[in-house]
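These notes are about the structure you will find just below.
Numbering (full-length UniProt numbering), first residue to last: 1 to 390.
Quick look at the structure:
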């Protein structure tokens with residue numbers, strides 16, 4: 001700031017057309033004014049104490065907050081917790097460290113902003129002071145010309161010699177002050193450079209703290225996606241197995257359906273043939289029933305007209321045997337006829353004496369179960385034949 005002030009004063013003096021002084025590096029009137037005790041006392045110090053007090057307070061406050069957070073973290077770490085909660089504590093610790101670094105950078109940036117604002121105010125005051133110095137320079141130049149004339153007139157007086165010595169002493173003191181100011185300016189430049197370097201280091205540390213967290217999040221995301229991929233692959237394998245099992249079941253079901261269709265067709269043909277046979281047998285049975293009914297009616301008429309004796313018995317036996325033979329030939333299902341080993345009706349020789357052969361069993365015999373019925377049970381015999389032959 002002082003160097004800027006000196007440079008601005010030099011430019012102002014240059015515009016005023018002053019001469020350059022090689023001993024002090026400034027114009028003579030400006031040099032005498034800048035290095036005066038009144039001006040040096042009016043300049044602000046490089047680092048005012050009032051500006052460091054709020055920083056110290058804020059640093060103490062942040063330190064207290066940091067200690068409180070560290071105590072809380074230690075308490076959390078001392079308690080027994082699962083791995084997930086420990087990881088959460090570690091993440092909170094990293095967040096606290098980042099907040100600490102961010103707070104430090106924020107404090108530093110705010111202090112830098114305050115210093116920048118203070119320097120701007122100092123620069124404005126210095127510019128105003130330089131303008132005032134330019135005016136004073138003109139006045140001193142006019143007074144210097146008058147003083148030189150007076151010194152020439154009283155050159156040989158003792159008072160003039162003392163004034164010269166006093167001016168030389170002031171010149172020496174001003175040179176010392178210039179050296180001190182230049183030293184302070186160099187220190188300020190070094191402090192400014194170190195401050196910029198510290199800010200850059202803080203930014204690098206902040207980026208370094210953010211990078212591990214991002215890499216950790218990326219690693220967790222990759223592991224999660226890998227687990228999802230494995231689950232999807234397992235699901236696809238299970239679905240493929242289920243699809244293969246469903247296809248095998250479908251093929252076996254189709255084979256079974258084809259086999260059942262063939263069996264159904266065979267059963268249908270058998271049912272149709274059996275139904276046709278039953279219809280033919282039923283129609284034949286009805287015909288036979290009609291014939292039997294007519295024959296019984298004729299036999300009953302003949303029985304009334306004939307006399308009792310062997311001739312009557314022989315006629316009745318032949319009539320019954322004729323009826324039974326017709327029933328055996330036509331009433332049996334599927335055209336069944338009694339074979340040579342099957343039981344037969346009585347021969348004509350046996351019918352000669354029916355009283356001794358089957359007097360108590362009757363003259364009518366079922367062709368299927370070989371049951372006997374009497375002549376008076378004609379209707380019952382017909383019902384029995386129709387049911388037994390079915």
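Backbone N, C-alpha and C fix where the C-beta goes; we use that ideal spot for every residue, glycine too.
Query	Result
Rounded straight-line distance, which links the Cα of residue 208 to that of residue 247	59 Å
CB of residue 108 within 8 Å of CB of residue 199, strictly	yes
C-beta contact flag for residue 69 and residue 96 at 8 Å	yes
Residue 387 in three-state terms, based on DSSP	helix
Local conformation of residue 365 per DSSP, three classes	strand
Candidates 103, 239, 366 and 88: closest to residue 61 by CA position	103
Residue burial classification, residue 285 (beta-carbon count within 10 angstroms, cutoff 16)	buried
7 Å Cβ shell around residue 100 - same chain, five flanking residues per side excluded	66
CA-to-CA distance, residue 162 to residue 113, given in whole angstroms	51 Å
Cα-Cα separation, residue 214 to residue 221	10 Å
Close Cβ partners of residue 381 (< 7 Å) along its chain, the five nearest in sequence each way excluded	364 and 373
Local conformation of residue 347 per DSSP, three classes	Note that residue 347 scores 36 on pLDDT, short of 50, meaning its location in the model is unreliable; the coordinates nonetheless yield the value given after this. Looking at residue 347 - three-state DSSP - the assignment turns out to be coil, as it is neither helix nor strand.
Closest by C-alpha distance to residue 367, when choosing among 389, 379 and 376	389
Per DSSP, cross-strand counterpart(s) of residue 372	365
Proximity of residue 202 and residue 105 at Cβ, strictly below 8 Å	yes
Other residues of its chain near residue 259: CB distance less than 7 Å, five sequence neighbours each side excluded	none
Buried/exposed call for residue 236, threshold 16 Cβ in 10 Å	exposed
Contact belief for residue 296 with residue 378 at Cβ below 8 Å, rounded distance in angstroms	5 Å
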